[in-house]
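What follows is a single structure, written as structure tokens, with notes after it.
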């Protein structure tokens with residue numbers, strides 16, 4: 001609760017600072033604000049409300065989301081003089097935090113909109129045609145998904161049992177699960193790299209947390225979710241094989257990881273710690289990859305541009321390789337344990353087929369990641 | 381007295397028209413209008429089942445969405461010179 005108040009204050013301050021053209025202060029305002037918001041999650045002060053719930057679950061998600069955003073923001077060197085977007089980033093983060101803490105369906109709807117509407121603008125904040133195209137696609141498909149989610153809510157109020165199904169579909173769209181993933185690669189590719197990183201880490205984790213909370217109300221869609229999870233894993237891994245754009249490649253890798261997280265979501269609250277760990281491992285891996293690539297002087301979206309990077313920047317490459325191998329699930333990196341937990345839980349519940357597909361998907365995605373790593377070692 | 385379910389049916393029909401419009405129309409402005417139609421179909425259903433608070437929030441959010449959407453469309457028109465959806469074909473793969 002306090003974190004949301006602090007973040008709102010920082011967002012408004014940041015907007016005022018921008019209007020007063022205090023450009024060089026804005027980095028400090030936003031940075032310190034994010035740290036303060038993280039600290040505020042440990043403050044027990046709560047305004048009584050029936051719309052939001054601040055239990056251990058939502059607080060843990062909140063800390064993770066704010067932490068990732070803060071690290072992402074601190075790694076971003078290219079925004080000097082481009083701080084107009086800070087306020088929007090903060091407001092989007094508030095939406096993400098609300099999505100982990102709603103206890104009324106109205107709050108879920110508002111959280112999704114608070115999360116998405118700033119992102120439509122942020123996706124289009126680049127100068128290129130691609131950025132505008134990404135923004136427009138995101139806007140149309142995002143609003144369409146929200147409308148479907150709302151229709152689900154309305155049907156639920158009218159007593160039609162299929163309502164919750166539409167809400168789940170609307171949330172799966174935000175998660176980027178196959179077959180609702182079509183917007184993901186286009187939007188990730190077109191957006192400026194720092195917002196791509198924000199979308200692929202914070203937004204994805206928030207959507208997963210929101211879906212987990214919604215399903216914890218007792219809607220049983222386990223077979224459907226496991227089905228979506230299985231096709232997401234395998235299709236995400238397969239489509240990543242032939243990508244030439246880094247951001248698009250990360251989008252498909254994220255779809256595959258979303259599949260793994262959806263399995264854990266489908267298994268219910270029993271496996272919640274594993275879901276948390278998976279999200280943490282995925283977030284850290286993506287953070288390392290995006291952080292290091294974005295920290296280069298000129299971000300080039302072509303995978304080919306990284307040819308021989310190991311011989312030019314050995315330290316950066318080692319970090320990048322560690323991040324990639326963690327995402328691939330190579331022991332002893334965190335990604336391995338995360339994937340192992342998914343397999344262990346699924347096996348424990350007797351879902352042998354899902355374990356098989358998950359293993360196959362991990363195999364394909366390991367190949368995909370190793371292919372990426374090998375590019376770094378090719379001499380020109 | 382019109383029974384409640386008839387509003388539900390009307391809402392569903394309006395929502396379907398909106399969905400169809402989003403899927404088949406090529407002009408972005410029309411697509412935006414169709415999304416608004418979908419939201420208003422939802423509003424109709426919610427009013428008929430006595431959830432007025434929800435409706436206020438949806439109206440507010442819809443207004444925000446339209447303002448962002450129209451700003452984006454204006455930028456698209458300035459950059460591409462058209463609002464046809466088929467201009468958005470550069471990102472694919």
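Chains as they are written, first to last, in our numbering: chain A, 1 to 380; chain B, 381 to 473.
Think of the CB as a built atom: it goes at the ideal place given N, C-alpha and C, for glycine as much as any other residue.
From a predicted model like this one, the values you see are computed outputs, not experimental measurements.
Residue-chain proximity (residue i, chain A), Cβ-Cβ < 7 Å
i, result
"residue 448(B)", "yes"
"residue 404(B)", "no"
"residue 419(B)", "yes"
"residue 400(B)", "no"
"residue 458(B)", "no"
"residue 452(B)", "yes"
"residue 389(B)", "no"
"residue 394(B)", "no"
"residue 425(B)", "yes"
"residue 415(B)", "yes"
"residue 422(B)", "yes"
CB contact check: residue i to chain B, cutoff 7 Å
i, result
"residue 84(A)", "no"
"residue 256(A)", "no"
"residue 117(A)", "yes"
"residue 252(A)", "no"
"residue 404(A)", "As shown, chain A starts at 1 and ends at 380. That puts residue 404(A) outside it, with no answer to give."
"residue 18(A)", "no"
"residue 101(A)", "no"
"residue 106(A)", "yes"
"residue 269(A)", "no"
"residue 113(A)", "yes"
"residue 158(A)", "yes"
"residue 186(A)", "yes"
"residue 181(A)", "no"
"residue 132(A)", "yes"
8 Å Cβ shell around residue i - same chain, five flanking residues per side excluded
i, result
"residue 370(A)", "328"
"residue 146(A)", "109, 112, 113, 116 and 170"
"residue 346(A)", "263, 267, 354, 355 and 358"
"residue 490(B)", "The requested residue 490(B) is not part of the displayed model; chain B covers only 381 to 473."
"residue 64(A)", "205, 276, 279, 280 and 283"
Beta-carbon separation (whole angstroms), residue i vs residue j, contact threshold 8 Å
i, j, result
"residue 30(A)", "residue 62(A)", "With 8 Å as the limit, residue 30(A) and residue 62(A) do not qualify as a contact, their Cβ atoms being about 18 Å apart."
"residue 139(A)", "residue 120(A)", "4 Å"
"residue 212(A)", "residue 275(A)", "6 Å"
"residue 148(A)", "residue 165(A)", "Contact doesn't hold; Cβ gap of about 10 Å is too wide."
"residue 68(A)", "residue 1(A)", "That pair is no contact at about 20 Å."
"residue 323(A)", "residue 353(A)", "So it is not a contact: roughly 31 Å between Cβ atoms."
"residue 373(A)", "residue 237(A)", "At roughly 16 Å, the Cβ-Cβ gap does not stay under 8 Å, so residue 373(A) and residue 237(A) are not in contact."
"residue 100(A)", "residue 279(A)", "No, residue 100(A) and residue 279(A) are not in contact; Cβ-Cβ is about 11 Å, not under 8 Å."
"residue 325(A)", "residue 376(A)", "Wrong, their Cβ atoms sit about 12 Å apart, outside the cutoff."
"residue 192(A)", "residue 251(A)", "No, residue 192(A) and residue 251(A) are not in contact; Cβ-Cβ is about 14 Å, not under 8 Å."
"residue 422(B)", "residue 158(A)", "Not confirmed; about 11 Å, so no contact."
Spatial neighbours of residue i in its chain, beta-carbon cut-off 6 Å, leaving aside the 5 residues before and after
i, result
"residue 37(A)", "3, 6, 7 and 66"
"residue 426(B)", "434 and 435"
"residue 190(A)", "130, 131, 133 and 134"
"residue 235(A)", "178"
"residue 245(A)", "189 and 301"
"residue 405(B)", "411"
"residue 196(A)", "188 and 247"
"residue 11(A)", "87, 90 and 91"
Exposed unless 16 or more other CB atoms sit within 10 angstroms - verdict on residue i
i, result
"residue 242(A)", "exposed"
"residue 396(B)", "exposed"
"residue 458(B)", "exposed"
"residue 128(A)", "exposed"
"residue 468(B)", "buried"
"residue 217(A)", "exposed"
"residue 450(B)", "exposed"
"residue 249(A)", "buried"
"residue 333(A)", "buried"
"residue 259(A)", "buried"
"residue 105(A)", "buried"
"residue 384(B)", "exposed"
"residue 342(A)", "buried"
"residue 24(A)", "exposed"
"residue 76(A)", "buried"
"residue 183(A)", "buried"
"residue 56(A)", "exposed"
"residue 39(A)", "exposed"
Distance cut-off 6 Å: residue i Cβ against heavy atoms of the ligand ZN
i, result
"residue 34(A)", "Ligands in the displayed structure: none, and consequently the ligand ZN is not present."
Cβ shell of residue i (< 7 Å), same chain only, five flanking positions each side left out
i, result
"residue 402(B)", "411, 414 and 415"
"residue 85(A)", "122 and 125"
"residue 418(B)", "395, 398 and 399"
"residue 319(A)", "288 and 292"
"residue 18(A)", "26, 83, 84 and 87"
"residue 387(B)", "424, 425 and 428"
| request: Evaluate the contact criterion for the segment 437–446 of chain B versus the segment 170–189 of chain A: three or more CB pairs, one atom per stretch, below 8 Å. | output: no
| contact_flag[the segment 227–240 of chain A, the segment 256–267 of chain A] where n(CB pairs < 8 Å) is 3 or more | yes
| Looking at C-beta atoms only, is the number of pairs between the segment 297–315 of chain A and the segment 357–368 of chain A that lie closer than 8 Å three or more? | no
| Validate contact between the segment 91–109 of chain A and the segment 194–211 of chain A using beta carbons, cut 8 Å, 3 pairs | yes
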